[in-house]
Amino acid sequence: RRTFGVDRAILTYQGLDGESRHTMLTFDPAPMELEPVRASYLVELQPGESRSLFLMINCNQTGEHRTVPFLRALHAARRELKKGSREATTIETSNDVFNELLCRSMADLRMLITDTPQGRYPYAGIPWYSTTFGRDGLITALQMLWLDPSIARGVLRRLAAYQAKTYDPSADAQPGKILHEMRSGEMAKLREIPFGLYYGSVDSTPLFVLLAGLYAERTGDDETLKELWPSIEAALGWIDGPGDPDGDGFVEYERATGRGLANQGWKDSEDAIFHADGSLARGRIALAEVQGYVYAAKRVAARCARRLGRAEHAAKLEAEAQRLAQRFEEAFWCPELETYALALDGAKNPCRVRTSNAGQVLFAGIAREDRAAKIAEGLLRPRFFSGWGIRTVATDEARYNPMSYHNGSIWPHDNALIALGFARYGFKRSIERVFQGLFDAATYMDFRRLPELFCGFQRERSRGPTLYPVACTPQAWASATPFTLLEASLGLEFDPSRGEIRLRNPWLPAFLDEVVLRNLRVGHSSID
């Protein structure tokens, strides 16, 4: 239904769920003629003269709503932007193009960060994922933790509020599990899709525990840690219970119904988990990087438990983490590939495929030192490194396709987490190559904006990277990637209890001569 006034049109849709949805378009100044499909103006301009026409769109406003004038709304938005970033670290470098990339990334993140009842939350991406995603929010908050820890606090509180309390196979929900995705549209309310509150993510739960612990260590905010501790314990209970249904010590996934996601790691395409011959993995699947997340989560949870005076619980978690690391090396290492298997399938057969997942194993810190060096070397060989970044799948694997979503494309956030893994093991020159490649790619992107992903074709002289046609842009964890690459390069570490900020073997890429950080906070103090 459409209704019209002198300066506005209201479009109304009555959904099958019984809910009425409205879109109001307000024109300033009022058009000469307002018709069902157009607003018409007759504008006469003298040479050099300009006129402004404003169109304001409001969705689902109830009652008589007065539209805020454009310029007043613009000033209010700028004030909110400054308020939201007041405590964040600012960055300036010697490279003007990289400064543009940082400014675009921060502006996109501020656009995606949404006020929720539990705090500020980075919605995943535009246009497909403009809502609360567990994994995306957790990884984005982790990437931004060093320069703006307040993002992590909002993410943790929101996901704790929606942590699953009961079993619901239609939503892949189990007690203690952390949300994958929430939707509030007509199809979700009618349960035509399972994503109203959907929990089909095997990695959100360990990432929640990991972020909670790292947030506490970054900030010294023990009050928030105590507030979250029941949710942390519930998440650890899921990891050791429903998350490990066969009790072999590995966290696994298998969708409860045919309507859920077939693959429930970050590579959640239907064809993303496969064996060397290209056949898809079947049954309960244990992903390599997820075991790393669990290992890192239990180690940081142990440190937090000790801070809260729970020494016995801390010792138990530390022992579990060490046993997991030993089992992981035995089950996942593929000596003929010099890397870790992508996954174990339901029969415990390893998927002997070279993938970027092994790089995220380094990020988690579960890899042996000698094997980490082999993985880092392999990820920068031509089969993986395109010149623009590290591909998700090596070029000589059965399902490699540089234009696929997860089987040969390049994801900036994946490269960022791999860079943190390189930093953990001291491979600073490796970070520089990844950093340089992604920076070079960004120089070809519209607005200097790194997208969700781009194609994995080999770099050629005088040609930019090939865009993936339906990538989200902006997307939160891609926008956070330049900040993560800086963190990895600088080797930033924080110790609020001692009032210390450390730079462990800082190493800048060749395109940066100088980096200036302002308002870098630790505890109640800050430094430039």
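For what it's worth, our numbering labels the leading residue of the sequence shown as 120, then goes sequentially. Cβ coordinates follow ideal geometry from the N, Cα and C atoms, glycine included.
Residues that residue i bridges to, as DSSP identifies them
i	result
Gln594	Gly244
Pro469	Leu463
Ala128	Phe123, Leu144
Gly238	Thr235
Gln510	Strictly speaking, residue 510 in this sequence is Arg, with Gln absent from that position. In the DSSP output, where bridge partners are listed per residue, Arg510 has Ile529.
Phe504	Ile509
Trp452	Tyr459
Tyr317	Glu300
Gln133	Ser139
Where the beta strand (DSSP E) containing residue i begins and where it ends
i	result
Cys178	173-178
Phe613	611-614
Val156	Run containing Val156: none; DSSP gives neither H nor E here.
Arg185	Element bounds for Arg185: n/a, residue is neither H nor E.
Ile485	Note, Ile485: premise wrong, no beta strand (DSSP E); not H, not E.
Glu211	209-212
Residue from the options with nearest C-alpha to residue i
i	options	result
Glu352	Val419, Arg487, Gly384, Arg185	Val419
Thr142	Arg568, Ile176, Val156, Pro148	Ile176
Thr562	Arg310, Ala438, Phe630	Phe630
Pro268	Ala407, Asp647, Val641	Val641
Arg140	Glu168, Cys178, Leu174	Cys178
Gly238	Leu316, Ile270, Glu219, Leu221	Ile270
Gly273	Tyr240, Val634, Ala354	Tyr240
Ala438	Arg543, Asn382, Gly368	Gly368
Arg277	Tyr524, Asp291, Arg426, Ala260	Ala260
Ala535	Arg580, Thr511, Thr600	Thr600
Gln577	Arg623, Asn520, Ser204	Asn520
Ser159	Ala407, Ala460, Pro150	Pro150
Gly360	Val321, Leu333, Leu347	Val321
Ala513	Asn526, Arg446, Gly428	Asn526
Gly315	Phe252, Asp341, Glu371	Phe252
Ala607	Tyr544, Glu579, Ser645	Tyr544
Leu427	Lys345, Pro593, His194	Lys345
Ala415	His432, Arg429, Gln441, Arg401	Gln441
Val634	Trp357, Thr209, Cys470	Thr209
Ser645	Glu199, Glu619, Gln594, Asn624	Glu619
Nearest-angstrom beta carbon gap, residue j and residue i [assumed within contact, 8 Å]
i	j	result
Arg127	Phe146	7 Å
Leu443	Gln410	7 Å
Leu298	Tyr286	Not confirmed; about 15 Å, so no contact.
Phe566	Tyr587	16 Å between Cβ atoms; not a contact.
Leu257	Ser213	Actually they are not in contact, since the Cβ atoms of Leu257 and Ser213 sit about 33 Å apart, beyond 8 Å.
Ala597	Pro570	6 Å
Arg518	Asp387	Incorrect: roughly 15 Å between the Cβ atoms, too far for contact.
Arg552	Leu499	6 Å
Gly379	Gly304	In fact, because the Cβ distance is near 18 Å, the residues do not count as touching under 8 Å.
Segment limits, alpha helix (DSSP H) that includes residue i
i	result
Leu622	Taken as a continuous stretch (DSSP letters only), Leu622 belongs to no alpha helix (DSSP H), being part of the beta strand (DSSP E) at 619-622.
Ser644	First-last for Ser644: 644-646, but that is the beta strand (DSSP E), not the alpha helix (DSSP H).
Leu639	Careful: Leu639 lies outside any alpha helix (DSSP H), inside the beta strand (DSSP E) at 639-641.
Glu551	547-562
Arg337	323-338
Asp565	Where Asp565 is concerned, there is no enclosing alpha helix (DSSP H), given that its DSSP letter is neither H nor E.
Ser269	269-280
Leu261	253-263
C-beta neighbour in chain B for residue i, strict 8 Å
i	result
Val409	No chain B appears in the structure shown, which is made up of a single protein chain.
(message) Quick check on the DSSP output: what are the complete alpha helix (DSSP H) runs of length 4 or more inside the stretch 287-313, in order along the chain?
(response) 305-308
(message) Extract the residue ranges of the alpha helix (DSSP H) inside the stretch 360-420, only unbroken runs of 4 or more that lie entirely within it.
(response) none
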